Structures are given as C-alpha cells and as structure tokens.
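Using the working numbering, the letters of the sequence shown map in sequence onto residues 575 to 825.
A virtual CB, placed ideally from N, CA and C, is assigned to each residue, including glycine.
It should be emphasised that the depicted structure is a prediction, and the values quoted were computed from it without experimental measurement.
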Amino acid sequence: MAEFKRNDKILCLFDVDGTLTAPREESTPEMRDFLLEKLKKKVVVGIVGGSDLVKQQEQMGSNITSEVDYSFSENGLVAFKAGSLIGKTAIKTHLGEENIKNIVNFVLRYIADLDIPVKRGTFLEFRSGMINVSPIGRNCDKDERNDYEKFDLKHEIRKKMIDAMKEKFASLGLTYSIGGQISFDVFPTGWDKTYCLNHIKEGEYDEIHFFGDKTFPGGNDFELFVHPRVKGHTVTSPEDTLAQCEKLFGV
Numbered sequence: 575m576a577e578f579k580r581n582d583k584i585l586c587l588f589d590v591d592g593t594l595t596a597p598r599e600e601s602t603p604e605m606r607d608f609l610l611e612k613l614k615k616k617v618v619v620g621i622v623g624g625s626d627l628v629k630q631q632e633q634m635g636s637n638i639t640s641e642v643d644y645s646f647s648e649n650g651l652v653a654f655k656a657g658s659l660i661g662k663t664a665i666k667t668h669l670g671e672e673n674i675k676n677i678v679n680f681v682l683r684y685i686a687d688l689d690i691p692v693k694r695g696t697f698l699e700f701r702s703g704m705i706n707v708s709p710i711g712r713n714c715d716k717d718e719r720n721d722y723e724k725f726d727l728k729h730e731i732r733k734k735m736i737d738a739m740k741e742k743f744a745s746l747g748l749t750y751s752i753g754g755q756i757s758f759d760v761f762p763t764g765w766d767k768t769y770c771l772n773h774i775k776e777g778e779y780d781e782i783h784f785f786g787d788k789t790f791p792g793g794n795d796f797e798l799f800v801h802p803r804v805k806g807h808t809v810t811s812p813e814d815t816l817a818q819c820e821k822l823f824g825v
C-alpha cells in the first residue's frame, strides 16, 4: 500500500486561547497529539496568537516553534517557520517613545479611576508588537479571571475604555481588539492577526483555513476570519476545534 502523502497546499492556522487551549491554560496531551501527530501528517499546520512567544510556549510547549510548520506570536509580528525566525517587528520604533509614554500614562490613570470589584497587578503589558491592557490586572487568579469576564460582559468595562482611547488617540492610527477574558490589545492598524499573512506568499497554498473563537467584530480573530485569502471557522472550545477538524480533514 502506498504511503499517504501530506497535502502541502492546504494550511490550517489556529488561534490559541479558547481554540487550542482553555483560556491561559496549557494544551492537553490529546490536543497536542491531534495537532502534531495526526493533523500535521495531512496538512500544513500553524498557530497564530496575540500573546508573546513566552506565553505561547507556556501553553503549547517549549518546542512549539519547531513542532508546527508556522508559529506566529503577537499576531505574526514574531514569526517562525519550521523552527527558524523569519520576522520580528517592534511597536516602539513604529510609534515612538513619546506616543507610547502618553498611552501608558492614560491607561494607568483610567484604570486608577475605575470602580470594579477586584484589582490586582500588571494592568499593562508592553510587547514587541502591541500593548496589552487589563483593567483587573493580569496577576489575577483563575476564579477572579472568570468572575471578571462575567462582570465585563455585563458592564462593558473594556469596550468603554476602548471608546475613550479611540477618542484620545485618534491621530495615531491604532486598532483595539478584545481577546481572552480580561484584556484587550492596542496596536497599529493592520497589525491584527492578518499580519501573519505577510509571511505567507500569495498562491503558496490553495487553501488557508483559520480556526478561532473570537471571530465577531471587535474580537481579535475577526480580521483574519473574514480575510479574502482565508476560509474562516468559528469554534466554541478546544473540543469543538477537534470535532470540526476531524469532520473537515478526516483525522
């Protein structure tokens, strides 16, 4: 019997939080086995997340950049192909220190005046390609994270803060994207998850599939989900991701 040959003209890209893992949790052995031992033998596989590389490695494994075909962290501003770094872009050189300082000052003052049930630490995280803002603070524990998500959905804390920043920094050409449970990302327009496509040549693949859970307008998967080069798939959990891929690709 002839050995099955992988279809190198189909690329599957996956969001991380809520798609391959529970929010901020590590990937399960079942998911890693599916992604690396089953799906990767059928099609080309990549991940594209908003978090930095360290967090991506914490969730997906320390060797993830060499285990998948493509590894895009910070929406593709840090990009690996087959374990080799192929691109890195920095927000600090794009915006300049004065503008970054003004954003940081505004964020910290705004959060200081917020009346929310719980505040912890690390309200702002500076990454190479974006600024991540968390009204509750990224040092919250899992229960506090879950409670805050419910509170935020009811009171639209992140949405209102984004509206205030859009007005304050209208001249900077920034995009604001709600992702995960407790934070939102701020980055130059065009530096959303579609940025990863800059590392994938036009026509290199016959099909590019993208799976994400925040595919609604304003969610951090939306732009890539609706991109004309991409076939977008909305998932509700890692288990749903597995089920949809099994149905689509027969794995």
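Limits of the alpha helix (DSSP H) - the one that residue i falls within
{"i": "N676", "result": "671-686"}
{"i": "V628", "result": "627-634"}
{"i": "P603", "result": "603-607"}
{"i": "P812", "result": "812-823"}
DSSP three-state assignment for residue i, whether helix, strand or coil
{"i": "M575", "result": "Bear in mind that the predicted position of M575 carries a pLDDT of just 38, short of 50, making it unreliable; the figure below should be weighed with that in mind. Coil."}
{"i": "G620", "result": "strand"}
{"i": "F796", "result": "helix"}
{"i": "D643", "result": "coil"}
Span of the beta strand (DSSP E), counted from its first residue to its last, around residue i
{"i": "I705", "result": "705-707"}
{"i": "N581", "result": "581-588"}
{"i": "K805", "result": "805-808"}
Outcome for residue i when other beta-carbon atoms lying within 10 angstroms are tallied against a minimum of 16
{"i": "T789", "result": "buried"}
{"i": "F700", "result": "exposed"}
{"i": "M575", "result": "Confidence is the limiting factor: at M575 the pLDDT is only 38, short of 50, which leaves the residue's position unreliable and the question unanswerable from this model."}
{"i": "G695", "result": "exposed"}
{"i": "R719", "result": "buried"}
{"i": "A653", "result": "buried"}
Heavy atom of the ligand NAP within 7 Å of residue i beta-carbon
{"i": "M634", "result": "As for the ligand NAP, it is missing from this structure, which has no ligand bound."}
Residue-level contact to chain B via CB, residue i, 8 Å cutoff
{"i": "D759", "result": "Reference to chain B is not applicable here, since this structure consists of a single protein chain."}
Same chain only: Cβ atoms within 7 Å of residue i, ignoring 5 sequence neighbours per side
{"i": "D582", "result": "V618"}
Same chain, Cβ closer than 8 Å to residue i, neighbours up to 5 away in sequence not counted
{"i": "L613", "result": "C586, V619, C819, F823, V825"}
Cα-Cα separation between residue i and residue j, rounded to whole angstroms
{"i": "P802", "j": "G753", "result": "22 Å"}
{"i": "S645", "j": "S751", "result": "20 Å"}
{"i": "A744", "j": "F784", "result": "30 Å"}
{"i": "E604", "j": "A686", "result": "42 Å"}
{"i": "E723", "j": "D759", "result": "16 Å"}
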